[in-house]
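A short worksheet on the structure shown next.
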Amino acid sequence: MTDADAHPDHNTRLERDIPADAVLIGCGLGTHPDTAGFIADLSTRYHDHAILWDADALNLIARDSVLQQHLPPRSILTPHPGEFARLYGKALAHDCERIPAAQALAARMGAVIVLKGKYSIISAPDGTTVINPTGNAGMAKGGSGDVLAGLTAALLAQGYAPFPAACLGAYLHGLAADLALETSAINSLTASDIIAAIPAAWRSIAVASA
1 MTDADAHPDH
11 NTRLERDIPA
21 DAVLIGCGLG
31 THPDTAGFIA
41 DLSTRYHDHA
51 ILWDADALNL
61 IARDSVLQQH
71 LPPRSILTPH
81 PGEFARLYGK
91 ALAHDCERIP
101 AAQALAARMG
111 AVIVLKGKYS
121 IISAPDGTTV
131 INPTGNAGMA
141 KGGSGDVLAG
151 LTAALLAQGY
161 APFPAACLGA
171 YLHGLAADLA
181 LETSAINSLT
191 ASDIIAAIPA
201 AWRSIAVASA
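Letter by letter, the sequence shown follows residues 1 to 210 of the UniProt record's numbering.
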C-alpha cells in the first residue's frame, strides 16, 4: 500500500463548501505538513457542524496547539493509545490513568474523547464518562477503528448529539465484533466481519429496548 505522504498531491484546502450533516476526517489522510492547512481550513468552514476526527487528523491536531484550542464545539476525537499519548502529551503508564486522562483531555479540547482499547473510555467536556462494555481482543486489527469512525459519523449525520453518538457507536461497534465471533474467531476477525454484523447488533438493541 502506498503511503499517503509519498503521493505528490496533498490536501491543502477545500475547493468549495460541501453540504454535509456531519464530517469525518482523518482515515488515510496522511500527515504531510501541507495537509495541516487543510485540517485548519476544514475546522473553520465546518465549525458549526458535528465533526469526527480520527487517525492522521488526530496526529495533525497534536502538532497544532492553536487548533487544539479552537476545535468545533461538536467534535469527537477517537484516538487509540498512541494517538492519545500525542494529544495528551505523554503515554499512560497504567490502565487506572485512562479515565482521568480522558476526562482531562476532553475538558482541555472541549470535545468528546473516545479513548479506544479494552473497555473504551468515552468522556465529554463536562466530565461525564462512560466505560463501554462490549468488544473483544479480535478488534485490535487494522481497519477496526475506521469502522468505528464511520459508524459514529453516521450516527452524527442522523442527528445524534456527539456524546450519545460516541457512546452508541462504541457500543454497537463492540457488540458487532462480539456477534461476529459466532462465525469467526479472535485471531481471524476482520473489519469486514464487524461491518457484516452491524445489522445484527442493531437488531439486538431494538429487541432489548422493545
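Glycine included, C-beta positions come from ideal geometry on N, C-alpha and C.
Specify the secondary structure class of residue i as computed by DSSP and reduced to three states.
i: leucine 52; result: strand
i: serine 123; result: strand
i: threonine 2; result: Because threonine 2 carries a pLDDT of 39, less than 50, the predicted location of this residue cannot be relied on, and the following value inherits that uncertainty. It is coil, neither helix nor strand.
i: leucine 29; result: coil
i: alanine 196; result: helix
i: alanine 161; result: coil
i: isoleucine 170; result: Isoleucine is not the amino acid found at residue 170; the sequence shown has alanine there. Of the three classes helix, strand and coil, the one that applies to alanine 170 here is helix, per DSSP.
i: alanine 185; result: coil
i: alanine 22; result: strand
i: aspartate 64; result: coil
Assuming residue i and residue j make a contact with CB atoms under 8 Å, what is their CB distance in whole Å?
i: threonine 31; j: aspartate 56; result: 5 Å
i: serine 75; j: glutamine 103; result: That pair is no contact at about 16 Å.
Going by the beta-carbon positions, is the gap between residue i and residue j smaller than 8 Å?
i: cysteine 167; j: valine 130; result: yes
i: tyrosine 119; j: proline 133; result: yes
i: threonine 190; j: glycine 169; result: no
i: aspartate 178; j: glycine 150; result: no
i: aspartate 48; j: alanine 157; result: no
Less than 7 Å between C-beta atoms, sequence neighbours within five positions excluded: which residues of the same chain meet that for residue i?
i: isoleucine 18; result: none
In chain order, what residues of the same chain lie with their CB nearer than 8 Å to the CB of residue i, ignoring the 5 residues before and after it?
i: leucine 42; result: Leu14, Val23, Ile25, Ile51
i: tryptophan 202; result: Leu172
i: threonine 128; result: Phe163
**Report entry** Whole runs of the alpha helix (DSSP H) within the segment 75-140, excluding any shorter than 4 residues
**Finding:** 81-88, 98-109
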